Amino acid sequence: MNHPILTPLLCALALISLGCSTDDTVTLYQAQSIITMDEDQPRAEAIAVKHGKIHAIGSLAAVRQQLQGLPVVEDQRFADKVIMPGFIEPHLHPYLAGVLLPMEFITPHDWNMPGKKVEGVRGQAAYLQRLTQAVEQSDDWLWTWGYHHYFHGELNRDQLDLIAPDKPVVIWHRSFHEIYLNSAAIEALELTEDEHPQIDWAKGHFYENGLKQLVPHLMPKLTRPWRYLPALTHARDIIHAGGITSVSDGAFGTINFDTEWTALRFSSWNRSSSPFRFSVLADGKGLGAAMGYESARDFINQLSDKNTDQVTFLPKQVKLFADGAAYSQLMQMSEGYLDGHHGEWLMTPEELETAARVFWRDDYQLHIHVNGDLGLDRTLDIVERLKAEYPRDNHHTTIHHLAYARADQAQRMAELGVRVSANPYYVWALADKYSEVGLGPERAQNMVPLKSLVDAGVPFSFHSDFTMAPVEPLLLAWAAVTRLTADGKVASPEQRIGLERALRAITIDAAEQMQQSHLVGSLEIDKLADFTILEQDPFDTPVEQLKDIPIWGTVLAGKPLPLETP
């Protein structure tokens with residue numbers, strides 16, 4: 002027998018339990034508070050979702066008034082929680098996670114993430130002891146990541162041969178821009194010791210573009226489906242744990258476009274169950290080296306044909322590179338390094354300008370990897386010339402990383418209309434050590450000078466470039482507002498920024514960088530219903546505890562996705 006009152010009630014209960022709705026049903030979420038990141042309405046009490054988009058937002062009374070006459074399910078699960086726009090990670094790499102997560106981590110600092118907890122080690126003796134243990138416990142090859150010469154002492158091929166005379170050992174530097182091999186690995190990979198300015202065969206050391214010569218020999222082993230795909234699933238869960246609902250690859254195709262695309266298509270990131278949206282920024286350097294920059298541009302122009310429901314290639318956007326890695330201290334510095342070593346170019350200024358001109362003339366947004374102030378000088382020179390030759394408004398050129406910049410450069414970026422995607426974790430991880438080695442205290446303490454960007458009016462976002470930092474947006478915001486270092490000091494407190502600006506850098510300003518702010522980044526009517534659910538209000542939490550705010554989970558297109566509890 003059908004009961005006309007009972008049946009709608011059961012349907013409503015079913016909708017609440019599933020966290021979804023029929024095509025016509027509106028789900029009304031109430032919260033302790035809603036932080037919208039919308040300047041016109043900074044706070045709200047309730048938010049209504051229909052068809053995966055925000056249908057109404059405001060006070061509970063006002064939203065209920067707007068929903069009169071519509072089928073509504075009121076969901077109370079967030080009544081004691083804080084809703085924010087879904088956090089955005091605008092620069093990481095699936096291949097980095099897929100390659101590194103299965104490796105043995107031997108790192109200077111602790112790592113604590115779902116499925117992997119690592120106690121950091123410092124000093125050469127402690128590092129070599131951990132490395133020796135890892136060699137003894139490995140079956141055949143040993144793959145390890147996290148070595149850093151300033152934290153672990155010098156390393157070379159002879160040392161590795163003593164530890165592992167017969168077993169191949171591959172040590173990937175903390176920066177991901179360097180590798181050390183022992184003789185057994187060189188032999189197993191059948192490498193020919195050809196001359197290259199960024200390869201030191203005596204040390205078994207491959208760095209920057211020298212690493213590019215090695216990667217094709219390594220990837221067939223590292224991207225085997227039974228190794229690589231589970232690592233991407235592991236990375237998916239780590240990303241979700243950070244409260245992230247939108248992710249962008251910072252340079253797709255760096256290893257090999259076809260290999261990366263095939264793996265991505267068959268990965269958990271390309272399934273309807275994925276807890277985040279994923280967009281792709283093509284690596285113009287790698288594609289240009291393979292086919293020429295004009296052909297690379299034409300190739301990228303067609304990539305939207307590969308879009309899926311979960312993966313979107315960002316149209317008219319491309320990644321290029323200037324100087325070397327911050328973690329390797331190979332960025333190009335205008336005043337050099339205290340110990341006399343020099344930085345490296347990933348693309349010489351001449352090559353970068355050639356590539357940039359091809360894409361600029363086709364109205365591309367340029368995303369450029371830059372770390373040192375000399376690298377930034379040369380990059381801004383190029384942007385200035387391109388603007389003079391081919392004037393463009395709102396070109397959105399974005400500098401990625403910005404390990405070190407001078408105050409005058411912040412003003413120049415503002416005048417040129419240049420944006421920044423910064424990694425504030427550099428301050429925590431590197432400022433202490435770089436004060437002692439290479440940079441000296443004045444420059445090292447002023448790494449990632451965000452307040453200078455605020456004062457100059459330069460828009461910026463934050464990224465992790467995982468594993469260059471944990472993929473935790475609240476941790477990045479914490480690093481920016483406190484500027485605390487790993488040794489518990491405060492690096493250049495005058496460069497600290499306010500909480501509001503830091504939260505913008507992981508929401509609306511990150512969306513602006515990706516040209517996705519019409520879809521995500523703030524909670525406004527007709528935007529996608531992507532939320533991060535917090536157990537505490539960041540504005541009511543001491544800034545020192547910002548990184549420790551518990552995350553309940555996320556909402557993607559209106560569907561609640563709680564984090565799995567251990």
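Residues in the sequence shown are numbered from 2 upward in steps of one, following our numbering. For each residue, glycine too, the CB sits at the ideal point set by N, CA and C. Note that the structure is a prediction, hence the values are computed from the model and not measured.
Are there 16 or more other CB atoms within 10 angstroms of the CB of N447, so buried, or fewer, so exposed?
buried
Who are the near neighbours of I383 in its chain, counting only those whose CB is closer than 8 Å to its CB and skipping five residues on each side?
P350, L353, E354, A357
Just to confirm the assignment: which complete beta strand (DSSP E) runs, minimum length 3, are found wholly within the segment 360-425?
366-371, 399-402, 420-423
Can you tell me where the alpha helix (DSSP H) holding W227 begins and where it ends?
226-242
Out of D394, Q496, E209, point me to the one whose CA is closest to A326's CA.
E209
Apart from the five residues just before and just after Y435, which ones in its own chain have a Cβ nearer than 6 Å to its Cβ?
If we look at Y435 and ignore the five residues flanking it on each side, its Cβ neighbours are A445.
Helix, strand or coil for P166? Go by DSSP, reduced to three states.
Here P166 sits in coil by DSSP.
Close Cβ partners of P551 (< 8 Å) along its chain, the five nearest in sequence each way excluded:
L535, E536, Q537
Under three-state DSSP, which class holds G99?
helix
C-beta contact flag for F79 and W553 at 9 Å
yes
For L547, does the three-state DSSP call read helix, strand or coil?
DSSP places L547 within a helical segment (H, G or I) once states are collapsed to three.
What are the residues that DSSP puts in a beta bridge with F461?
BP columns for F461 point to V421.
Whose C-beta lies closer than 7 Å to the C-beta of F467 among residues of the same chain, with five residues either side of it excluded?
L93, L97, A98
Rounded C-alpha distance that separates M332 from G344:
5 Å
Determine the direct distance from the alpha carbon of G522 to that of I84, and round the result to whole angstroms.
In a straight line, the C-alpha of I84 is about 13 Å away from that of G522.
Tell me which residues share the same chain as T486 and place their Cβ nearer than 6 Å to its Cβ, disregarding the 5 neighbours each side in the sequence.
W429, A432, D433, A492
Give the straight-line distance between the Cα atoms of L122 and W146, rounded to the nearest whole angstrom.
The sequence given here has Val at residue 122, not Leu. Approximately 13 Å between the Cα atoms of the pair.
Which residue wins for smallest C-alpha separation from L219, given the options T508, I187, H241?
I187
S22 to S249, Cα distance in whole Å?
Below a pLDDT of 50, predicted positions are generally treated as unreliable, and S22, at 47, falls in that range; the measurement from the model is reported next regardless. So the alpha carbons of these two residues sit roughly 28 Å apart.
Find out if the Cβ-Cβ distance for the pair F314, I301 is shorter than 9 Å.
yes
Span of the alpha helix (DSSP H), counted from its first residue to its last, around S296:
294-302
Using only alpha-carbon positions, find the residue among G285, H397, T246, E120 that is nearest to T533.
Selected option, being the one with the closest Cα: T246.
Is D111 buried or exposed, if buried means 16 or more other CB atoms sit within 10 Å of its CB?
That one is exposed.
So who's on the other strand from K320, going by DSSP bridges?
D284, H368
Hey, quick one: how far does the alpha helix (DSSP H) through R266 stretch, first residue to last?
From DSSP, the alpha helix (DSSP H) with R266 extends over 258-266.
Do L440 and Y338 count as a contact pair if the criterion is CB distance below 9 Å?
Yes, the pair counts as a contact, with Cβ atoms nearer than the cut-off.
Looking only at DSSP bridge pairs, what is A252 linked to?
The partner list for A252 (beta bridge, DSSP) is empty, contrary to what the question assumes.
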